[in-house]
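Asks:
There are 2 protein chains.
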Amino acid sequence: MSMATSPQTRLLHNHSTNNFFNNNNNSFIRITAPSFKPISVKCSATAQTRTPSPPLTTAQDRVFNFAAGPATLPENVLLRAQSELYNWRGSGMSVMEMSHRGKEFLSIIQKAESDLRTLLDIPSEYSVLFLQGGATTQFAAIPLNLCTAEDTVDFVVTGSWSDKAFKEAQKYCKPKMIWSGKSEKYTKIPSFHELEQNPDAKFLHICANETIHGVEFKDYPTPKNRTGILVADMSSNFCSKPVDVSRFGIIYAGAQKNVGPSGVTIVIIRKDLIGNAQGLTPVMLDYKIHDENNSLYNTPPCYGIYTCGLVFEDLLEQGGLKEVEKKNKKKGEILYNAIDESNGFYRCPVEKSVRSLMNVPFTLEKSELEAEFIKEAAKEKMVQLKGHRSVGGMRASIYNAMPLAGVENLVAFMKKFQARHA
Amino acid sequence: MSMATSPQTRLLHNHSTNNFFNNNNNSFIRITAPSFKPISVKCSATAQTRTPSPPLTTAQDRVFNFAAGPATLPENVLLRAQSELYNWRGSGMSVMEMSHRGKEFLSIIQKAESDLRTLLDIPSEYSVLFLQGGATTQFAAIPLNLCTAEDTVDFVVTGSWSDKAFKEAQKYCKPKMIWSGKSEKYTKIPSFHELEQNPDAKFLHICANETIHGVEFKDYPTPKNRTGILVADMSSNFCSKPVDVSRFGIIYAGAQKNVGPSGVTIVIIRKDLIGNAQGLTPVMLDYKIHDENNSLYNTPPCYGIYTCGLVFEDLLEQGGLKEVEKKNKKKGEILYNAIDESNGFYRCPVEKSVRSLMNVPFTLEKSELEAEFIKEAAKEKMVQLKGHRSVGGMRASIYNAMPLAGVENLVAFMKKFQARHA
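Chains A and B, in that order, are what the protein sequence lines are. So for the first sequence, our numbering puts the first residue at 1; every next one is plus one. So for the second sequence, our numbering puts the first residue at 423; every next one is plus one.
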């Protein structure tokens, strides 16, 4: 077999599209290659290692994965990660093996930050931190860094996640729940003029998109407190649309919805808010430590940061977040329309104006059919449609990386299912 | 091109060894395949996704990577991770995309735990937790979970890492430094009978292997305190040899030395020590939360845990930690002998009886040659040999995954270099 004529050799040219026969089933398969840089294959006579990565394939059908996070990733990001896993761009090692202080990884984390700054147009007076521990760790870190134990903080509680943030803050400051959607089963976002903010609050906290309940802020309240600081958990709609970062003191997000694998948490923080952590703050929760060390105080989650970087590149190649938002709006429109036009067979409990473009919860009028719906959808390769255990029903998470075809497939299935059971 | 005759098709049979010509340079390359399960390639007529992972190769020379962590990983683990990255065992998704509550990922984390329990023969009264944030996060979590603010704790400080643990503990309890190797530049481990332990200490803390200074406990002190609890940071020698877990209250380790990529921290804790965290403990630092939720309270670092699982499988296939220890002893012997037999051209400052089998620091008598040594070694594909910025000189980290050939190469280079400069 000649390597020169193998598919992977052809794949190594930018944006090539190749067709070849898969001999195992004689079906015609189209491969669209992502934008790989050509890789030159060397084999030096003096080198001691002689075991290159063999060509590999796992050619099998890909499912449409509607999981709420970890969630589907862009296919070309996965293919690129796969192509580079064994040997990153001729470095002779995997990204997983790189010293976090070596020049190779420094180039990776710096490009990831730079691309994220471009995507979100992050002003220079903000730091970008790549941390660990999920948004849940930030629920403690934020009051620990911004408050004294006596400070008041305003929380708008629109679902499970903002409620968790509120509860964790009780350990470190005096949070006030100034609005709660609980009595209406977290199906609403308050109108901003009805929010009774405390003028002495240290900051106002919101969850920009509630992953479980599917409610999303379409605009943001203006903090009417002494500092003017708005803090937002954007875990589940981070980088799904443009955001005016300058309106926030802190934006934080777990990566595992829209921008990467789990294990990376991104914090975008206005620099003047750094440096006042309470004395009992664990060193790993102190923003000053991470900021001074460019997220390299201790070993960061290197491979996760690398993968986020590949996603940022992909989002830029798509044309940036305005283009991404257009696609997300289109997907959301198709799915919500299918629900609303089902004559009540499917129902979405969320108020129309604040329905999430990322997480779409819905129920069946005949709730006894829900298990069958989920099972049959899985047979048609649409998986993870079960609603969160705390709310039941179904939930389709349609993050950036869910292709339009996935939503179209789901809608077609919903119509078929309805016709069969109407 | 026929898939049936491609290298990857042949690779998909267990333990096959294949030789083929690399057409790019006409050199003969031997590929030894790790133990892959055969993968059947399907292409269902009803499926919507038509883009399988194309065969990929990154056939290039692999370097010998002596980094202190993240560090070299077993080559067959990397190849297996690469083969499964795009589509994990026919699931239609990457491990990076899997819901942490789905059956696929549950099978992964459960097998990882089970294999680790087998490797270290972990008694059933111990919990195994897969966490985030590195050992540095545990420096806070351990006193927060085990102590009141008034409790005394004994620290043996044998290097930078135990010193950091001691300093962080000052926020949460009253730690006493009962021994320090600082005045002797951290080149020793104390004899245990000279340790003046506080009878009222809540636990005795050691760092089993100091990554920067290269000193390693060859046995462990018996705690002479009221609880009899010994706590050990084993980040840099975890799973490098058998350990009697029952002698410890807590063993903790960042994964990125011997067992996986960065971003995973493993805590092995005796169950009766769980459940008494201080009121101000962040929820993510509370062992009870993680124990009750089997490390799935929030989204864990799934892909890192998966990779650790592949390493655990590999260590078991090697015959377990007794066999691994034999290999590590052999590697250490070769390298330390080369240093000791150089007539002072190379020097290792560490007392012979406690030299680390993982991290080998050494200097050149002619220190002005060190930069040249590092540069020339890199030319011969031996990288990351520079000592930690705090101690200078050189450091060769030779963790489990560093092959014997890597150490032999280094020693051959050292002899050549000496001959040239003697």
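Idealized CB from N, CA, C, for every residue including glycine.
1) Our contact map puts Ile-530/B next to Tyr-728/B with C-beta atoms below 8 Å; I'd like the distance itself, whole angstroms only.
2) Per DSSP, which one or two residues make a beta bridge with Pro-723/B?
3) With distances taken from CA atoms, which of Ser-684/B, Val-653/B, Ile-761/B and Glu-747/B is nearest Tyr-725/B?
4) Give the residues of chain A in contact with Gln-840/B, contact being defined as C-beta atoms less than 8 Å apart.
5) Could you give the distance in angstroms between the alpha-carbon of Lys-326/A and the alpha-carbon of Gly-332/A?
6) Do the segment 241-255 of chain A and the segment 379-395 of chain A touch if we need at least three Cβ pairs shorter than 8 Å?
7) Tell me which same chain residues have a C-beta within less than 8 Å of the C-beta of Ala-68/A, skipping the five on either side of it?
8) For a contact meaning CB atoms closer than 8 Å, what does Pro-300/A contact in chain B?
9) Go through its chain and collect everything with a Cβ distance to Asn-225/A's Cβ below 8 Å, but skip five positions before and after it.
10) With three or more beta-carbon pairs closer than 8 Å as the criterion, would you say the segment 565-575 of chain B touches the segment 537-548 of chain B?
11) CA-CA distance, Lys-586/B and Pro-282/A?
12) Sort Pro-783/B, Glu-787/B and Leu-779/B by Cα distance to Glu-638/B and report the nearest one.
13) What would DSSP say about Thr-222/A, mapped onto helix, strand or coil?
14) Under the assumption that Glu-916/B contacts Phe-767/B (Cβ atoms under 8 Å), give the Cβ distance between them as a whole number of angstroms.
15) Check each candidate in Gln-318/A, Ala-371/A, Ser-342/A and Gly-214/A and name the one with the smallest Cα separation from Asn-76/A.
16) Counting contacts by CB-CB distance shorter than 8 Å, is Met-515/B in contact with chain A?
17) Can you check whether the C-beta of Thr-649/B is within less than 8 Å of a C-beta belonging to chain A?
18) Looking at the unbroken alpha helix (DSSP H) that takes in Ser-536/B, where does it start and where does it end?
19) From which residue to which residue does the alpha helix (DSSP H) around Ser-582/B run?
20) So what does DSSP say about Ile-206/A, is it helix, strand or coil?
21) Compare the beta carbon distance of Thr-299/A and Gly-636/B with 8 Å and say whether it is the shorter of the two.
22) Just to confirm my understanding: we take Ala-834/B, look at its own chain, exclude 5 residues before and 5 after, and list those with CB closer than 6 Å. What are they?
23) Considering Met-780/B, what are the terminal residues of the alpha helix (DSSP H) in which it resides?
24) So Val-407/A and Leu-315/A are supposed to be a Cβ contact under 8 Å. How far apart are they, rounded?
25) Can you give me the start and stop residues for the alpha helix (DSSP H) that Tyr-287/A sits inside?
26) So, does the segment 592-605 of chain B touch the segment 554-570 of chain B, judging by three or more C-beta pairs under 8 Å?
27) Quick one, which of Lys-167/A, Asn-87/A and Val-267/A has its alpha-carbon nearest Gly-701/B's?
28) Grab the span of the beta strand (DSSP E) containing Ser-180/A for me, first residue to last.
29) What number of angstroms, rounded off, separates the C-alpha of Met-402/A from the C-alpha of Gln-418/A?
30) Can you tell me whether Thr-494/B is helix, strand or coil according to DSSP?
31) Can you pull the chain A neighbours of Thr-785/B, defined as C-beta to C-beta under 9 Å?
32) How is the alpha helix (DSSP H) around Thr-137/A delimited, first residue to last?
33) Taking the alpha-carbon positions, what's the Val-463/B to Asp-61/A distance?
34) Taking 8 Å as the CB-CB cut-off, is Asn-87/A touching chain B?
35) Quick one: give me the first and last residue of the alpha helix (DSSP H) that Gly-754/B is part of.
36) List, in order along the chain, the chain B residues whose C-beta lies closer than 9 Å to that of Tyr-303/A?
Replies: Reading from the atomic positions:
1) 5 Å
2) DSSP output for Pro-723/B lists no bridge partner at all.
3) Ser-684/B
4) Here the premise fails: no neighbours, minimum Cβ distance about 19 Å.
5) 10 Å
6) no
7) Counting only Cβ-Cβ distances below 8 Å, and skipping sequence neighbours, we find Thr-211, Ile-212, Ser-236, Lys-257, Asn-359, Gln-384, His-388, Arg-395 and Ser-397.
8) Ser-684 and Gly-685
9) Asp-154, Gln-197, Asn-198, Pro-199, Asp-200, Ala-201, Lys-202, Phe-203 and Leu-204
10) no
11) 12 Å
12) Leu-779/B
13) coil
14) Given that chain B is displayed from residue 423 to residue 844, the structure contains no residue 916/B and the question cannot be resolved.
15) Gln-318/A
16) yes
17) no
18) Secondary structure note for Ser-536/B: its alpha helix (DSSP H) is the uninterrupted segment 525-542.
19) 582-591
20) strand
21) no
22) none
23) Counting along the chain, Met-780/B falls outside any alpha helix (DSSP H), and DSSP gives it neither H nor E.
24) Not confirmed; about 19 Å, so no contact.
25) Counting along the chain, the alpha helix (DSSP H) containing Tyr-287/A begins and ends at 287-292.
26) yes
27) Checking every option, the nearest Cα to that of Gly-701/B belongs to Lys-167/A.
28) 174-180
29) Each residue's alpha carbon lies about 23 Å from the other.
30) Reduced to three states, the DSSP call for Thr-494/B is coil.
31) The premise fails here: Thr-785/B is roughly 20 Å from chain A at the closest Cβ pair, so nothing lies under 9 Å.
32) Its alpha helix (DSSP H) spans residues 134-146.
33) In this prediction, Val-463/B scores a pLDDT of 30, lower than 50, which makes its location untrustworthy; the coordinate-derived value is nonetheless stated afterwards. In this model, Val-463/B and Asp-61/A are separated by some 9 Å (Cα to Cα).
34) With respect to chain B, the C-beta atom of Asn-87/A has a partner C-beta closer than 8 Å.
35) 743-762
36) The CB of Tyr-303/A comes closer than 9 Å to the CB of Pro-492, Pro-683, Ser-684, Gly-685, Tyr-725, Gly-726 and Thr-729 in chain B, given here in chain order.
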